[in-house]
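K.L.:
First the structure, which I've put down as structure tokens, then a few questions once you've had a look.
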Amino acid sequence: MTPPRDSTLRKARALTLGSLAVTVLTSLIMPGIGVLREPRPLWVVLGVVGTVAFAATQAGALYATVTPWLSETARRRLLIAFGVVSVCTLVLLAPVGGPRWETWAWVGGSIAGSLPMLKLGRVPAVGVAAAVFTAAVVLADRPLTALVIAVSVASAVVAMSVVHLWFWDMLLDARKGRAAQARLAATEERLRFARDVHDVLGHDLSVIALKAELAARLAPGDSAASAREAAEVQQLATKALANMREAVHGYRAVDLAEQLTAIAEVLHSSGVRCTVTRPDGDLAQGTAAVFAAVLREASTNVLRHSQATWCTIDVTREGTEVRMTVSNDGARDAGPDRHSGGLTGLADRLAEAGGRLRTSRDDGVFTVDAVVRA
């Protein structure tokens, strides 16, 4: 899986990470107070080191949880680091805070509450949680108090994080669903084209094969009849070639209205508010094909090279010319200009069609303006 390019998914991931971090850090406030209550300076230092290390490795583990494109090796290392540091932290904090301050239980509860977020599976999660709660009863000066603290902290962490994780997983599933839908649509289009080609050429090729075979059989005894059959084969082949070209031309024909709708939907799903102004009447096929290329390049730049919140696409007739203008906010200084590869190729294509391309960046707004003769 690749990192998300659409701004909605990036924002959702950032919010999920932030909420998980706040949840976990909140559960560490009381251990921090316990460390500060410790009268022995050495144990204060060890407690601070343990708490900071625990928070850092826990943040790394949570990062791995909401980063599905992370390699399995990196994910495993982050989880192992969290496990090792958690054990060390528990050892360091066990004697910290005095006999009436269950610092250990707070951290243990935070560990147990983080297990569902790490998606380790039920058996490991239940095993670690049971070990934490058992240790709270066996090792604490006040076992019942420690157990209540550990269970309460774990329950609070789980309750506060499960909604955010569910929301994040739902967005990922939706993204995968859109990708699968796009692949299915492409597959269906290929199958449709294959059926069309078969319907167009299948009959003609079968007749050509039969007549060619007949011409070969007639050649030894009736050369005139064989020649007539061969001439018909040539006519059928010419007809089949024309039919194939017509089918391919129809397949490749560009429907600009459909592409405008599709691009607007893609931008909307990426969190970009898109407004489309359509031309009056249909455009010539050549003009539509050129504008479709402009639309693809401009929309790609919106998604890849900007932090856009809005985009306008206007296609208008101006006398003997047709103009397409695509504008968006959030343009980056390092974004594309008229010398970039995609826009340069687009400018060349427009020039070949007797048109022109102009780009501009003004106060964070990037504009692509294409003009073609109608």
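Start counting the sequence shown at 1; every next residue gets the next number (UniProt numbering). Virtual Cβ for every residue (Gly too), placed ideally from N, Cα, C. In this text the structure is predicted, and so the values were computed from the model without any measurement.
If distances are taken between C-alpha atoms only, which option among 372, 17, 366, 88 comes closest to residue 350?
P.N.:
Measuring from the Cα of residue 350, the nearest candidate turns out to be 372.
K.L.:
Nearer than 6 angstroms: is that true of the beta carbon of residue 57 relative to any heavy atom of the ligand SAH?
P.N.:
Here there are no bound small molecules, and the ligand SAH is not part of this structure.
K.L.:
What does a CB cutoff of less than 6 angstroms around residue 225 pick up in its chain, not counting 5 residues either side in sequence?
P.N.:
So the list reads 218, once near-sequence residues are dropped.
K.L.:
Take residue 298 and list the residues in its own chain whose beta-carbon comes closer than 6 angstroms to its own, dropping the five residues that flank it on each side.
P.N.:
Taken in chain order, the residues that qualify are 326, 368.
K.L.:
From the DSSP output, in three-state form, read off residue 320 for me.
P.N.:
Reduced to three states, the DSSP call for residue 320 is coil.
K.L.:
Output the distance between the C-alpha atoms of residue 89 and residue 54, rounded to the nearest integer angstrom.
P.N.:
Those two C-alpha atoms are separated by around 6 angstroms.
K.L.:
Here's the rule I'm using: 16 or more other beta-carbon atoms within 10 Å means buried, otherwise exposed. How should residue 375 be labelled?
P.N.:
Nothing in the structure corresponds to residue 375, since the chain is present only between 1 and 374.
K.L.:
Measure how close the beta-carbons of residue 279 and residue 233 come, nearest whole angstrom, since I'm counting them as under 8 angstroms.
P.N.:
Incorrect: roughly 46 angstroms between the Cβ atoms, too far for contact.
K.L.:
List the DSSP bridge partners of residue 328.
P.N.:
According to DSSP, which records beta bridges pairwise, residue 328 is partnered with 311, 366.
K.L.:
Answer with buried or exposed for residue 194, where buried requires no fewer than 16 other C-beta atoms within 10 angstroms of its C-beta.
P.N.:
Exposed: under 16 other Cβ atoms inside 10 Å.
K.L.:
Determine the direct distance from the alpha carbon of residue 80 to that of residue 190, and round the result to whole angstroms.
P.N.:
If you take the alpha carbons of residue 190 and residue 80, they lie about 46 angstroms apart.
K.L.:
Taking the DSSP output, what are the residues bridged to residue 357?
P.N.:
In the DSSP output, where bridge partners are listed per residue, residue 357 has 370.
K.L.:
Tell me whether the beta-carbon of residue 113 lies closer than 7 angstroms to the beta-carbon of residue 158.
P.N.:
It is a contact, given that the beta carbons lie within the stated cut-off.
K.L.:
List the endpoints of the continuous alpha helix (DSSP H) containing residue 52.
P.N.:
Run containing residue 52: 41 to 65, per the alpha helix (DSSP H) assignment.
K.L.:
Check each candidate in 312, 153, 192 and name the one with the smallest Cα separation from residue 272.
P.N.:
When only C-alpha atoms are compared, the closest one is 312.
K.L.:
Whose C-beta lies closer than 6 angstroms to the C-beta of residue 361 among residues of the same chain, with five residues either side of it excluded?
P.N.:
Closer than 6 angstroms at Cβ, skipping near neighbours: 331.
K.L.:
If you measure between the beta carbons of residue 277 and residue 329, is that distance less than 7 angstroms?
P.N.:
No.
K.L.:
My output table needs one value for residue 278: the three-state DSSP class, helix, strand or coil.
P.N.:
It is coil, neither helix nor strand.
K.L.:
Inspect the beta-carbon positions of residue 259 and residue 284 and report whether they are closer than 7 angstroms.
P.N.:
For residue 259 and residue 284, no; Cβs fall outside 7 angstroms.
K.L.:
CA-CA distance, residue 59 and residue 286?
P.N.:
Distance between the alpha carbons of residue 59 and residue 286 is about 55 angstroms.
K.L.:
Quick one: what's got a C-beta closer than 6 angstroms to residue 170's C-beta in the same chain, skipping five residues either side?
P.N.:
Nothing meets the Cβ criterion.
K.L.:
What number of angstroms, rounded off, separates the C-alpha of residue 366 from the C-alpha of residue 301?
P.N.:
Roughly 9 angstroms separates the two Cα atoms.
K.L.:
Using a Cβ-Cβ cutoff of less than 7 angstroms, which residues in the same chain neighbour residue 32 once the five nearest sequence positions on both sides are dropped?
P.N.:
Contacts found: 51.
K.L.:
Confirm, please, whether the CB-CB distance from residue 263 to residue 237 is below 7 angstroms.
P.N.:
No. Outside cutoff.
K.L.:
Beta-carbon within less than 7 angstroms of residue 346's beta-carbon, same chain only, minus the 5 sequence neighbours each way: which residues are those?
P.N.:
Within the same chain, residue 346 has close Cβ partners 293, 294, 297, 357.
K.L.:
With C-beta atoms as the reference, is residue 150 less than 7 angstroms away from residue 83?
P.N.:
In this structure, residue 83 does not lie closer than 7 angstroms to residue 150 by Cβ.
K.L.:
Considering residue 71, what are the terminal residues of the alpha helix (DSSP H) in which it resides?
P.N.:
Taken as a continuous stretch (DSSP letters only), residue 71 belongs to no alpha helix (DSSP H), as it is neither H nor E.
K.L.:
Residue 306 by DSSP, collapsed to three states: which one?
P.N.:
Three-state result, residue 306: strand.
K.L.:
Within 10 Å of its beta-carbon, does residue 91 have 16 or more other beta-carbons around it, so buried, or fewer, so exposed?
P.N.:
When all chains shown are included, residue 91 counts as exposed.
K.L.:
Could you compute how far the alpha carbon of residue 370 sits from the alpha carbon of residue 256?
P.N.:
Answer to the nearest angstrom: the Cα atoms are 15 angstroms apart.
K.L.:
Can you check whether the CB of residue 266 is closer than 7 angstroms to the CB of residue 353?
P.N.:
No.
K.L.:
Where does residue 190 fall in DSSP's three states?
P.N.:
Residue state, collapsed to three classes: helix.
K.L.:
Less than 7 angstroms separating the beta-carbons of residue 188 and residue 211?
P.N.:
Not in contact: residue 188 and residue 211 (Cβ atoms no closer than 7 angstroms).
K.L.:
In angstroms, rounded to a whole number, what distance separates the CA positions of residue 87 and residue 185?
P.N.:
Going from the Cα of residue 87 to the Cα of residue 185 covers about 51 angstroms.
K.L.:
Which one or two residues does DSSP pair with residue 273 in a beta bridge?
P.N.:
In the DSSP output, where bridge partners are listed per residue, residue 273 has 310.
K.L.:
Taking the straight line between their C-alpha atoms, what separation do you get for residue 14 and residue 45?
P.N.:
If I take the Cα positions, the gap works out to 32 angstroms.
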